[in-house]
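Report on one structure; see the data block that follows.
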Amino acid sequence: MPPAREWVDPAQQDWRRLDPRMLAVKPITEAGKLLLPAVLVLVVGGTDRWKLWAALAGGGLLVVAGVIRWATTRYRISETHVELHSGLFFRQQRSVPRDRLRTVDATSDVVHRLFGLSVVKVGTGRNDKVGEEDELTLDAVSAAEAEHLRQVLLRRTPGTAATAGAEAATPEQETPAEAEPGEVLAAFRPGWLRFAPLTLSGLAAMGALTGTAFQVLNELDVDPVHLGPLRAVAQWLERTPLPLIIAIVVVVLLVVLTAGAMVLYLVQFWGFTLTRESDATLRVRRGLLTTRSVSLEEDRLRGVRISEPLLLRAGGGAKCAAVATGLGTGAGSDTLLPPAPRGDAHDVAATVLAVETAPTTVRLRRHPRIARRRRLVRAVVPVLALAAALGVGAATGHVPYWPCWVALALLPVAVLLGLDRYRNLGHALTERYLVVRSGSLVRQTVALQRTGIVGWRMRQSPFQRLSGLVTLSAVTAAGEGAYEVTDVDLGDGVALADEAVPGLLRPFLETS
Amino acid sequence: MEELIGTVLLLVPQLVAMFFWDAGRPTLVGTSIATAVLGAVGCVVIPRWRYRVHRWEATPEAVYTRTGWFVQDWRVAPLSRIQTVDTKRGPLQQMLGLATVTVTTASAAGPLEIPGLDLEVAQRLVEELTAATQATRGDAT
């Protein structure tokens with residue numbers, strides 16, 4: 001491979017390639033995605049020789065692409081930098097200083113696990129644009145190498161880094177740190193499963209399943225109406241009274257949803273463990289089929305977030321997530337605890353932050369009563385507007401009247417929602433944390449380190465100006481970037497900001 | 001303020017397009033006249049309003065801005081947490097001798113922008129901020 005020489009000096013021993021086993025894994029996963037359509041095409045269109053060749057060529061291309069990727073991708077961990085070179089046509093050289101690495105995320109799906117491989121993503125904590133995170137991805141390295149990378153990359157002291165660099169050539173010999181399993185902070189308990197149906201994930205899973213089923217039927221050119229059992233069901237339905245049908249459908253849906261949610265919960269969170277490793281990292285491991293391991297440096301932790309979606313809140317459950325800088329993208333990479341009893345969530349928050357009582361449990365200060373009016377108005381007005389629009393539509397004969405009645409029936413719901421939103425508004429300041437809570441459908445309580453606040457932001461709409469309220473945001477490098485204290489009294493807000501980060505606001509205050 | 005010219009520039013092509021498209025239709029002529037009136041009022045009112053609201057201040061510890069006209073927005077960032085300081089000058093701003101200074105922190109919540117600064121003031125501000133930012137240690141997160 002002559003062109004590689006100008007980029008990579010082969011004499012340098014510490015350049016490493018991806019695991020050659022990825023050559024097998026990549027085509028399999030890719031082919032897996034194509035398998036169903038391919039089989040369907042063959043079945044439906046008959047075994048046309050031309051199609052067979054096309055399929056073979058496709059498979060061949062996948063293999064070639066895999067070889068190219070393997071041959072062109074190299075990475076190196078030097079004392080100061082992590083470097084990644086990749087690409088044949090579009091060459092990419094990435095180099096990241098090691099002290100910028102914040103998280104290591106190792107994911108392996110079923111095929112990867114079969115071959116003992118992991119995909120390693122290294123988060124660098126650079127936010128260029130909103131939601132754009134800089135990540136280095138190694139797809140794929142052996143599981144042992146992934147573990148080794150995890151330990152080496154998150155180790156900070158230069159001395160150990162040097163030895164790690166030397167060890168990098170022989171990862172098989174490097175296993176002493178693995179012997180220390182780390183302190184377990186939380187582990188999966190089967191009892192948590194009862195919270196699974198309270199998340200809406202079951203609904204999503206069901207939707208996806210039905211969607212796929214219909215697509216398959218569609219592609220197979222089978223009209224569901226002609227399927228034997230379905231037709232029997234349809235005939236039976238015609239003979240049964242409507243209320244019974246509704247009852248049956250509801251029961252069946254509930255059972256299926258519950259089962260689906262539980263299965264999904266198991267798949268996602270089986271074997272969940274949250275540990276504090278000896279090298280001051282928090283590590284979350286979970287997953288039944290696709291295993292995932294996210295490691296996060298404790299220094300990068302800026303706080304925790306407890307979120308309670310409405311149903312979960314009603315059932316006394318909560319989720320816990322990390323608010324940290326440089327957490328990799330990808331769904332759920334900040335998870336510290338899956339839906340679990342609320343007490344457990346707060347306990348985890350306390351242990352993770354290494355404090356006695358979780359800051360998320362402190363008594364919060366209510367917001368002024370005028371904020372309640374604002375929440376109510378904001379909840380009710382859209383519904384009223386919708387009802388009015390539908391009413392006008394109905395009066396002019398464009399739409400039937402019932403949507404208007406439905407919208408009006410939603411009004412009490414909106415009122416309740418607004419009241420609940422107000423009830424959940426609150427903030428508090430503890431010795432080290434700023435705690436804010438808001439939301440009704442998803443109630444979130446965020447405890448943010450006061451030292452992690454990198455600025456303040458206040459927004460005031462004309463209506464807020466009229467009622468003397470302000471939305472104060474604590475700007476931070478971690479998590480979502482800013483956490484809002486919604487509709488707080490202007491004076492209180494300024495006082496809060498001034499107290500939370502002393503000195504920052506003082507020069508700009510005229511009266512204090 | 002440069003917003004005045006900006007608004008006019010936005011308005012003119014709109015009007016021209018409108019007249020060319022349906023010169024014969026009185027209703028559309030009506031709407032374009034309405035746009036012109038509204039635009040003219042906006043031209044006069046909004047920049048003044050903005051100018052009245054917009055404030056900025058830099059102390060040895062922090063940068064402070066106030067922007068917006070309808071929804072007002074205050075932002076404060078301590079100098080120790082500043083990541084980058086940029087100056088930008090569009091063609092209009094160059095014509096008027098103005099510049100926009102953008103101060104970015106590590107947060108994803110967006111930067112502080114100080115639009116329409118006098119060029120000299122902007123340059124001095126950038127120099128001061130850069131010097132102050134370099135003086136602080138750590139990676140500002």
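These protein sequence lines are chains S and R, in that order. Quick note: the first sequence uses the UniProt record's numbering, first residue 1, plus one each step. Quick note: the second sequence uses the UniProt record's numbering, first residue 1, plus one each step. Note that CB positions come from ideal geometry on N, CA and C, so glycine has one too.
In the DSSP assignment, find the alpha helix (DSSP H) that holds residue 524 of chain S and state where it starts and stops. Limits of chain S in this structure are 1 at one end and 512 at the other, which puts residue 524 of chain S out of reach.
So, for S:GLY66: in the same chain, excluding its five sequence neighbours on each side, which residues have a beta-carbon less than 8 Å away from its beta-carbon? MET22, LEU23, LYS26, PRO27
Looking at C-alpha atoms only, which residue of S:SER95, S:GLU431, S:LEU198 is the closest neighbour of S:VAL122? S:SER95
Under a three-way DSSP split, which group does S:LEU266 fall into? helix
Quick one, which of R:ARG89, R:ALA135, R:ASP73, R:VAL71 has its alpha-carbon nearest R:PRO115's? R:ARG89
Let me know if S:VAL141 comes out buried or exposed under the rule of 16 or more other beta-carbons within 10 Å of its beta-carbon. buried
Counting only beta-carbon separations shorter than 9 Å, does S:VAL304 have a partner in chain R? no
Any contact of the stretch 463-470 of chain S with the stretch 367-377 of chain S, i.e. 3+ C-beta pairs under 8 Å? yes
Once the 5 residues before and after S:VAL485 are set aside, which same chain residues still bring their CB inside 6 Å of it? HIS427, VAL436, LEU472
Contact belief for S:ARG450 with S:VAL501 at Cβ below 8 Å, rounded distance in angstroms: 6 Å
Rounded C-beta distance between S:SER118 and S:THR103? I'm assuming under 8 Å. With 8 Å as the limit, S:SER118 and S:THR103 do not qualify as a contact, their Cβ atoms being about 14 Å apart.
Counted within 10 angstroms of its Cβ, other Cβ atoms place S:VAL250 as buried (16 or more) or exposed: exposed
Closer than 9 Å, CB to CB, is R:THR100 near chain S or not? Closer than 9 Å: no.
Short check: CB of R:VAL71 to CB of S:PRO20, under 9 Å? no
Proximal residues to R:ALA77 (C-beta, below 7 Å), its chain only, five neighbours per side dropped: ALA62, VAL63, VAL103, THR105, LEU112
Within 10 angstroms of the Cβ of S:ASP109, are there 16 or more other Cβ atoms? Answer buried if so, exposed if not. By the neighbour-count rule (16 or more Cβ atoms within 10 Å), S:ASP109 is buried.
Proximal residues of chain R, C-beta to C-beta of S:LEU505 below 7 Å: For S:LEU505, the chain R residues whose C-beta falls within less than 7 Å of its own C-beta are VAL76, listed in chain order.
Report the partner residues of R:VAL53 according to the DSSP bridge assignment. Per DSSP, none; premise fails for R:VAL53.
Selection from S:ALA259, S:GLY479, S:THR80, S:VAL120 that minimises the alpha carbon distance to S:PRO197: The shortest Cα separation from S:PRO197 among S:ALA259, S:GLY479, S:THR80, S:VAL120 belongs to S:ALA259.
Amino acids of chain S, ordered along the chain, whose beta-carbon sits closer than 7 Å to that of R:GLN134: The contacting residues do not exist; R:GLN134 stays about 17 Å from chain S at best.
Identify every residue that forms a DSSP beta bridge with R:PRO78. R:ALA62
In terms of residues, what are the limits of the beta strand (DSSP E) holding S:HIS427? 426-429
Residues bridged to S:CYS320 by DSSP? S:ILE306, S:LEU337
Give a yes or no on whether the minimum CB-CB distance between S:GLN460 and chain R is below 9 Å. yes
Cβ pair S:ALA474, S:LEU448 closer than 9 Å: yes
Are there 16 or more other CB atoms within 10 angstroms of the CB of R:VAL37, so buried, or fewer, so exposed? exposed
Name the chain S residues that come within less than 8 Å of R:THR105, Cβ to Cβ? VAL454, GLY455, VAL475, ALA477
Does any residue of chain R have a CB that is nearer than 9 Å to the CB of S:VAL362? no
How should S:PHE90 be labelled, buried or exposed, when 16 other C-beta atoms within 10 angstroms of its C-beta is the threshold for buried? exposed
Quick one: does R:ASP73 have its CB under 9 Å from some CB of chain S? yes
Is the beta carbon of S:ASP105 sitting closer than 9 Å to the one on S:VAL323? no
What is the DSSP secondary structure of S:GLU145, reduced to helix, strand or coil? Secondary structure at S:GLU145: helix, using DSSP grouped into helix, strand and coil.
Whole angstroms are fine: how far does the CA of S:GLY455 sit from the CA of R:GLN134? 18 Å
Look up S:ALA55 in the DSSP assignment and give the residues it is bridged to. Answer is none; S:ALA55 lacks a bridge partner.
Spatial neighbours of S:ARG432 in its chain, beta-carbon cut-off 7 Å, leaving aside the 5 residues before and after: GLN449, ARG450
Taking all protein chains shown into account, decide if S:GLY481 is buried (16 or more other Cβ within 10 angstroms of its Cβ) or exposed. By the neighbour-count definition (other C-beta atoms within 10 Å, threshold 16), S:GLY481 is a buried residue.
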